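K.L.:
Protein chains: 2
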Amino acid sequence: MQKTSSCLVTKLQHYVPLSETDRALLREIEKSERNYQAGQEIYQGGDTNKELFVVKRGWLISYADMPDGRRQIVKIHHPGDIVGFTDIALKDVSTSLCAVENVVLCPFAKQAMDEVFRTSPRLTALLMSLALRDQVVLIDLLRAMGRMSALERIGYMLLDLIARLRITSSELTDRFRLPLNQTQIAQYLGLTNVYISKTFSRMEVEGYIRRDGLHIQILREDRLREMTDFHNRYDDIDISWLPSDGTQA
Amino acid sequence: MQKTSSCLVTKLQHYVPLSETDRALLREIEKSERNYQAGQEIYQGGDTNKELFVVKRGWLISYADMPDGRRQIVKIHHPGDIVGFTDIALKDVSTSLCAVENVVLCPFAKQAMDEVFRTSPRLTALLMSLALRDQVVLIDLLRAMGRMSALERIGYMLLDLIARLRITSSELTDRFRLPLNQTQIAQYLGLTNVYISKTFSRMEVEGYIRRDGLHIQILREDRLREMTDFHNRYDDIDISWLPSDGTQA
DNA sequence: CGACGTTTTGATTTGGATCAACGCCCGTGG
DNA sequence: CCACGGGCGTTGATCCAAATCAAAACGTCG
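Chains A and B, in that order, are what the protein sequence lines are. Sequential numbering of the first sequence, starting at 1, is according to UniProt numbering. Sequential numbering of the second sequence, starting at 1, is according to UniProt numbering.
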């Protein structure tokens, strides 16, 4: 039985209906829960790779550090995300994972993924599509880092986050909670915390956004989309090539 | 019959032996060849996504442009690479593809990939592993762009390129041909052509590299590895989870 | 030889980094 | 109830790595 409906299932069904068999597989994966506190490091780059996680509640970040401490955050994880899929083909994980706030994760062994691979080609293909889609998102981020100004980068990040959040909560309009501090935002966008502060202020003055504690309201979304040439990669993925499923949803 | 041995097969067999069935599937994919001239654009971001390519000969680049012309090169393709796998789940391709020199490609329809998915779980899993590995490489590049100085970025690029080239040509030591011009290198590393020129000169003066026409020799590879905290993602991928194959190679 | 693409070199500018101080909020403990 | 201390965000002064601008020096290929 499912206590609260799973965000993973919600997220996947946003793209394609799932059969009862598939939902059962996912329930199995989300069976056990574990809590982590804000700021806690869950694993470190270089650790041997044995578990994956489904995010049940809270935000997390994955990052890669340089030996001298410079840090690049490479992914921001939300509820419903699968963490660690990228590293599935690696002996050791390539990034570290840290809870931004108090979080609930469902850990499961790499082997459990084998079960999915063996029994549901359709679910396999869907997960694979999403992994590849993640890669496209990473390419967008790369373009932002390589070619955009600080203001554009922040704008890009806000658009990306809100597009992702809208998938699971359809009531979300132009305001959302951003539990990252400015140092973390800087580590994500390749800037410094000081410059994030200055640019945020400027964006407020110029009417792009409004801030209120942890909340961000995007005022000129169209203008920001245009400035950053933003493409929403979350809305439409092509599932026409998915193997059809015997059972019906 | 195979005229020259396929670099795709060579590359894949670097990781795991392939059965005759799998090799037949790949031969099918590499059946037809098409030539493109240096500088020719093969497809553009936004085009509908219908073909994939195996690179037979020559280097290519994939890039994402901003509307005002700023360009970010996101991937450098070598012989043996599959181009377009990333976009397989997208209706439209997200990047443009351009031949850096005269190239030979083997185009094949997305549908041909379906055939692979249906008939060889092992080959499917291998291709998927490599796609995920690509994502890890992209994360490394992101870290370089976000947190490294110009000299470190160039060093990182050279290490990455040589590591990749060593997979297919084992006789390769510390010298290789780099057919990219400085403008392209700049577009790859998020810098300008002028600064690439200056930094290259400096690296030569300081004894990191030697240049000779299109050839680059890496003189202080260990030092560069250390500076950039370089990890070779091409040498070891974990194939222990691959489904076993009935037939033997 | 001329022409075009590329690299180089130098002068100048600038976006963002660095450094340092200050203020705010909140939790904790006396 | 207030003092404190630590984590964050803000603000201003200064600095610097890389961008920009512009011109010259290369090829190399007709």
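Each residue gets a CB set at the ideal place from its N, CA and C atoms; glycine is no exception. The structure presented is a predicted model; accordingly, all values stated were derived computationally and were not measured.
(1) Just to confirm, are B:Arg57 and B:Val16 a CB contact at a threshold of 7 Å?
(2) When the Cα atoms are used, what is the spatial distance from B:Ala38 to B:Phe176?
(3) Go through its chain and collect everything with a Cβ distance to B:Gln40's Cβ below 8 Å, but skip five positions before and after it.
(4) Please decide whether residue 262 of chain A counts as near chain B, where near means a Cβ-Cβ distance under 7 Å.
(5) Would you tell me roughly how many angstroms separate the C-alpha atoms of A:Leu138 and B:Asp81, rounded to the nearest one?
(6) Have a look at B:Ser197, B:Met145, B:Arg118 and flag the residue whose alpha-carbon is nearest the alpha-carbon of A:Met148.
(7) Answer yes or no: does any C-beta atom of chain B fall closer than 7 Å to that of A:Arg143?
(8) Following the continuous beta strand (DSSP E) through B:Leu105, name the residue where it begins and the one where it ends.
(9) Would DSSP call A:Tyr208 helix, strand or coil?
(10) May I have the straight-line CA-CA distance separating A:Pro107 from A:Asp140, to the nearest angstrom?
(11) Spell out the partners DSSP gives A:Ala99 in its beta bridges.
(12) Please classify B:Ala64 as buried or exposed, where buried requires at least 16 neighbouring CB atoms within 10 angstroms.
(13) For chain A, is any of its Cβ atoms less than 7 Å away from the one on B:Gln248?
(14) Please look up how many angstroms separate the CB atoms of B:Ile237 and A:Leu172, rounded, as I've assumed it's under 8 Å.
(15) Given that B:Gly146 touches chain A, what residues does it touch there, using C-beta distances under 7 Å?
(16) Does any residue of chain A have a CB that is nearer than 7 Å to the CB of B:Ala64?
(17) Any heavy atom of the ligand NAP closer than 6 Å to the beta-carbon of A:Cys7?
(18) Can you look up A:Gln187 in the DSSP assignment and give me helix, strand or coil?
(19) Could you give the distance in angstroms between the alpha-carbon of B:Ala24 and the alpha-carbon of B:Thr48?
(20) Just to confirm my understanding: we take B:Arg71, look at its own chain, exclude 5 residues before and 5 after, and list those with CB closer than 6 Å. What are they?
(21) Can you tell me where the beta strand (DSSP E) with B:Tyr36 in it begins and where it stops?
(22) What would DSSP say about B:Lys50, mapped onto helix, strand or coil?
(23) If I measure Cβ to Cβ from B:Ser169 and keep anything under 7 Å in the same chain, skipping five residues before and after, which residues do I get?
(24) Determine, using beta-carbon pairs with one atom in the stretch 188-198 of chain A and one in the stretch 225-232 of chain A, whether at least three such pairs fall under 8 Å.
(25) Who are the Cβ neighbours of B:Thr119 in its own chain at under 8 Å, not counting the five residues just before and after it?
(26) Counting only runs that start and end within the stretch 119-196 of chain A, where is the beta strand (DSSP E) found for 3 or more residues in a row?
(27) Going by beta carbon distance, what residues of the same chain come within less than 7 Å of residue 256 of chain A, once the five residues before and after it are set aside?
(28) Does DSSP put A:Arg23 in a helix, a strand or coil?
P.N.:
Let me lay it out:
(1) no
(2) 19 Å
(3) Cys98, Ala99
(4) The requested residue 262 of chain A is not part of the displayed model; chain A covers only 1 to 249.
(5) Going from the Cα of A:Leu138 to the Cα of B:Asp81 covers about 19 Å.
(6) B:Met145
(7) yes
(8) 103-109
(9) coil
(10) Taken atom to atom, the span from the alpha-carbon of A:Pro107 to that of A:Asp140 is near 29 Å.
(11) A:Leu60
(12) buried
(13) Bear in mind that the predicted position of B:Gln248 carries a pLDDT of just 41, short of 50, making it unreliable; the figure below should be weighed with that in mind. False, the Cβ-Cβ gap to chain A never drops below 7 Å.
(14) Between A:Leu172 and B:Ile237 the Cβ distance is about 38 Å, and since that is not below 8 Å, they are no contact.
(15) Gln72, Met145, Gly190
(16) yes
(17) Judged by which ligands are present, the structure shown has none, so any question about the ligand NAP falls away.
(18) Under the three-state reduction of DSSP output, A:Gln187 falls in the helix class.
(19) Cα to Cα, B:Ala24 sits roughly 28 Å from B:Thr48.
(20) Beyond the five residues adjoining it in sequence on each side, B:Arg71 comes within less than 6 Å, by CB distance, of Tyr63, Asp65, Gln187 in the same chain, given in chain order.
(21) Its beta strand (DSSP E) spans residues 34-36.
(22) Correct three-state label for B:Lys50: coil.
(23) none
(24) no
(25) Thr21, Leu25
(26) 175-177
(27) Beyond the ends of chain A as shown, which are 1 and 249, falls residue 256 of chain A; an answer cannot be given.
(28) helix
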